[in-house]
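Notes follow the structure.
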Amino acid sequence: MSYEVAAKEAFENDATLAVVLMALLRRAFGDDVYFWDPTTVYLEIRDEFGAEPATMAMDRISAAQVVISGDAFFQDIGAFFNICNTFASGQPAFSVFDPVEPEEAAWAITEVALMRDLLPFAPTIRSYLRLQLRADGYTEEDYPAVFDYVLTRKVPRSRELKDVLSRTLHDDQRDNVENFLLEQMDSVVHQFDKIPGMPDTLQELLREKDLEDLAELRA
Numbered sequence: 008m009s010y011e012v013a014a015k016e017a018f019e020n021d022a023t024l025a026v027v028l029m030a031l032l033r034r035a036f037g038d039d040v041y042f043w044d045p046t047t048v049y050l051e052i053r054d055e056f057g058a059e060p061a062t063m064a065m066d067r068i069s070a071a072q073v074v075i076s077g078d079a080f081f082q083d084i085g086a087f088f089n090i091c092n093t094f095a096s097g098q099p100a101f102s103v104f105d106p107v108e109p110e111e112a113a114w115a116i117t118e119v120a121l122m123r124d125l126l127p128f129a130p131t132i133r134s135y136l137r138l139q140l141r142a143d144g145y146t147e148e149d150y151p152a153v154f155d156y157v158l159t160r161k162v163p164r165s166r167e168l169k170d171v172l173s174r175t176l177h178d179d180q181r182d183n184v185e186n187f188l189l190e191q192m193d194s195v196v197h198q199f200d201k202i203p204g205m206p207d208t209l210q211e212l213l214r215e216k217d218l219e220d221l222a223e224l225r226a
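Quick note on the working numbering: the sequence shown kicks off at 8 and runs consecutively.
Written out as structure tokens, the structure is:
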């Protein structure tokens, strides 16, 4: 299968994850794609790849653009909910309250860390995560690694979280959240493996330096 055919199939598949979609867009169009409006993204995908992007794919792309181009994911609990839901299920929940489970939040934070540097979370989001973790039986002493990191660091860094996740996912002693992350990472690897020229993309993202400031891309 050629790169063009595999990329077309990825954009047309509801199951393709945000980090894969954004890697394809960045490879084709550069960093400016982070700031394109949804109509432009849709038309450029159709022109470049001959694809009719799936609705869930477009929703994930739009959510990723919000993540990369500003701080809403970290500061606005409504945006946090919708981005977590979109990254996990492909569908935002603008019209109903759809609580974010720890597994969904952990995966969203992981995908965000693969796409940009992290920022501190607002107190409302931190409180929500602690409540959800407590409801699932966790204490502050046994938080899953991703939450232990982002909830205890004043200035979390994607690079450091990637190292934490790498160690955790290679550990035989994993909890439900970490097992879910491993399954999702396996899906990312599988999706990249299907696209010629991109099997090593996840490893590149794990090694990539953090984007300290994307504002200059607007210039």
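Even glycine gets a Cβ: it sits at the ideal position worked out from N, Cα and C.
Linking Q210 to V171 through their CA atoms gives a straight-line distance of about 15 angstroms.
When the beta-carbon positions are compared, F18 and P45 stay at least 7 angstroms from each other. Only exposed fits R160, as fewer than 16 other CB atoms lie within 10 angstroms of its CB.
Note that the C-beta distance between A95 and V153 is not below 7 angstroms. If you draw a 10 Å sphere on the C-beta of P206, you find fewer than 16 other C-beta atoms in it, and that means exposed.
Between E110 and V26, the C-beta gap is not smaller than 7 angstroms, which leaves the two residues out of contact.
C-alpha of D39 to C-alpha of G144: approximately 43 angstroms in a straight line. L32 is not a Cβ neighbour of V195, given a cutoff of 7 angstroms. With contacts defined as CB atoms closer than 7 angstroms, A70 and C91 fail to qualify as a contacting pair. Judged by DSSP secondary structure, V157 falls within the alpha helix (DSSP H) whose first and last residues are A152 to V157.
Buried is the label assigned to T93, since at least 16 other Cβ atoms lie within 10 Å of its Cβ.
If you check the CB distance, V107 and F81 do not come in under 7 angstroms. When the alpha-carbon of E16 is set against those of E190, L213, L212 and F199, the nearest one is in F199.
By the CB criterion at 7 angstroms, V73 and A79 fall inside the cutoff.
In chain order, F81 place their CB closer than 6 angstroms to the CB of F128, counting only its own chain and leaving out the 5 sequence neighbours on each side. Taking H177 as reference, the option from P203, D193 and S76 with the minimal CA-CA separation is D193.
In this structure, the beta-carbon distance from F42 to S76 falls below 7 angstroms. Burial state of L50 is exposed, judged by a 10 Å Cβ sphere holding fewer than 16 other Cβ atoms.
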